[in-house]
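S.K.: Counting in my numbering, the sequence shown runs from 79 upward without gaps.
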Amino acid sequence: AAAAAAATPGGPVHRMHRPSPADFRLGPAAARQPAVLTGLDLGPAPWLWSPAHLAAMPAVAAADVSVHVSDTPHLDFVRKNFTFTNVPFGDLLGALAAEGENGGSGGGGGVGQKGSGDCEKENTAEKVTKKKWYYLRSIGRNPRKEPAHALEQFPDLARELKLPSDVLWGGTVGPSASTSASASVSSTLTPATPSLASTPPANDRYFSTVLRCSSGGLRLWTHYDAMDNALVQLHGEKRVLLFPPRAGAGLYLDGSSCPVVGPAVDG
Numbered sequence: 079a080a081a082a083a084a085a086t087p088g089g090p091v092h093r094m095h096r097p098s099p100a101d102f103r104l105g106p107a108a109a110r111q112p113a114v115l116t117g118l119d120l121g122p123a124p125w126l127w128s129p130a131h132l133a134a135m136p137a138v139a140a141a142d143v144s145v146h147v148s149d150t151p152h153l154d155f156v157r158k159n160f161t162f163t164n165v166p167f168g169d170l171l172g173a174l175a176a177e178g179e180n181g182g183s184g185g186g187g188g189v190g191q192k193g194s195g196d197c198e199k200e201n202t203a204e205k206v207t208k209k210k211w212y213y214l215r216s217i218g219r220n221p222r223k224e225p226a227h228a229l230e231q232f233p234d235l236a237r238e239l240k241l242p243s244d245v246l247w248g249g250t251v252g253p254s255a256s257t258s259a260s261a262s263v264s265s266t267l268t269p270a271t272p273s274l275a276s277t278p279p280a281n282d283r284y285f286s287t288v289l290r291c292s293s294g295g296l297r298l299w300t301h302y303d304a305m306d307n308a309l310v311q312l313h314g315e316k317r318v319l320l321f322p323p324r325a326g327a328g329l330y331l332d333g334s335s336c337p338v339v340g341p342a343v344d345g
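1) Pull up the distance between the alpha-carbon of N307 and that of G294, whole angstroms please.
2) Three-state secondary structure (DSSP) at Q231?
3) Can you give me the start and stop residues for the alpha helix (DSSP H) that S243 sits inside?
4) Which residue from G121, A109, H92 and V91 puts its Cα closest to that of V310?
5) Let me know if S144 comes out buried or exposed under the rule of 16 or more other beta-carbons within 10 Å of its beta-carbon.
6) Just the C-alpha distance for K210 and V338, rounded to the nearest angstrom, thanks.
7) Which of the three DSSP states is assigned to V91 in this structure?
8) I'd like to confirm the pairing. Which residues does DSSP put opposite T116 in its beta bridges?
9) Run through the DSSP bridge pairs and tell me what W211 is partnered with.
10) How close, in whole Å, do the beta carbons of G168 and A133 come, if the pair is a contact with beta carbons under 8 Å?
11) Let's see if you can read the secondary structure: which residues bound the alpha helix (DSSP H) around P136?
12) Does any residue of chain D bring its CB to less than 9 Å from the CB of T161?
13) Between which two residues does the alpha helix (DSSP H) holding L329 run?
14) What residue range is occupied by the uninterrupted beta strand (DSSP E) comprising P166?
15) I need the straight-line Cα distance from A137 to R93, nearest angstrom please.
16) Our contact map puts Y213 next to L296 with C-beta atoms below 8 Å; I'd like the distance itself, whole angstroms only.
17) Span of the alpha helix (DSSP H) holding A107?
18) Assuming L126 is part of the alpha helix (DSSP H), what are its boundary residues?
19) Below 8 Å CB to CB, which residues in the same chain sit around W125 once its five sequence neighbours on both sides are set aside?
20) Tell me whether A226 sits in a helix, a strand or coil according to DSSP, three-state version.
21) Over the uninterrupted beta strand (DSSP E) stretch that includes L289, give me the two end residues.
22) Just to confirm the assignment, what range does the alpha helix (DSSP H) spanning L132 have?
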């Protein structure tokens with residue numbers, strides 16, 4: 079019965095409320111189908127996390143992060159329509175909080191880009207700040223050699239967020255494991271053959287945790303991930319558009335990314 083619960087190709091994505099580890103592994107995980115899981119215990123993070131709350135944590139606010147900065151909300155990895163800037167995490171969170179106060183879509187020229195978004199109005203001294211869109215995907219301490227471990231890098235966040243590891247991969251997050259986290263947290267898992275008889279060590283299934291924060295209205299480029307993903311949305315909303323593997327030939331993939339943007343993807 080659990081296996082039959084998975085969505086059929088091209089059909090609606092299945093929803094499961096407080097699934098047991100067995101129901102999830104023998105259902106969507108076994109069928110290799112996406113699913114929306116609700117009612118899981120995530121700790122207090124979903125009720126507490128906001129840009130202002132995270133910025134109030136001194137160690138988080140002082141951390142240096144690399145941020146994508148773009149003049150458009152439609153990020154394109156193939157054409158590279160963005161730049162990177164290193165800023166204190168608190169500066170980024172301040173910019174995102176200001177966005178929320180001003181309507182929540184795109185920001186000003188701040189976060190380490192002093193003057194880069196300013197243009198002089200003709201015949202006046204008044205300056206107009208061009209909108210910028212920001213996207214943070216946390217990286218490892220040594221990004222060339224290790225994946226991101228967001229909950230190890232930011233222990234204050236780990237005290238408020240509980241990942242549903244027992245359901246997703248049958249283990250716990252330990253110092254030897256890695257994960258992926260917008261404000262969502264995304265956990266990257268190695269594909270596993272569901273089995274209730276034998277559960278491998280947690281770090282055999284759990285690869286990386288990435289923290290993601292972005293401007294309202296920002297859209298990430300179309301891409302695919304080689305490993306299974308669990309997205310934990312903690313603040314705001316996110317729309318996820320999924321393509322079946324058979325659609326890959328029509329997406330003009332360049333490595334793992336796709337140059338198809340705009341109405342061709344949004345419909």
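Where a beta carbon is used, it is the ideal one built from N, C-alpha and C, also for glycine.
It should be emphasised that the depicted structure is a prediction, and the values quoted were computed from it without experimental measurement.
M.R.: Walking through what the data contain:
1) 22 Å
2) helix
3) S243 to L246
4) G121
5) exposed
6) 22 Å
7) coil
8) H95
9) S148
10) 5 Å
11) P136 to A140
12) Among the chains of the structure shown, chain D does not appear; only one protein chain is present.
13) That residue, L329, is in no alpha helix (DSSP H); it is neither H nor E in DSSP.
14) T161 to P166
15) 37 Å
16) 6 Å
17) A107 -> no alpha helix (DSSP H), and no H or E assigned at all.
18) A123 to L126
19) none
20) coil
21) Y284 to S292
22) P129 to A133
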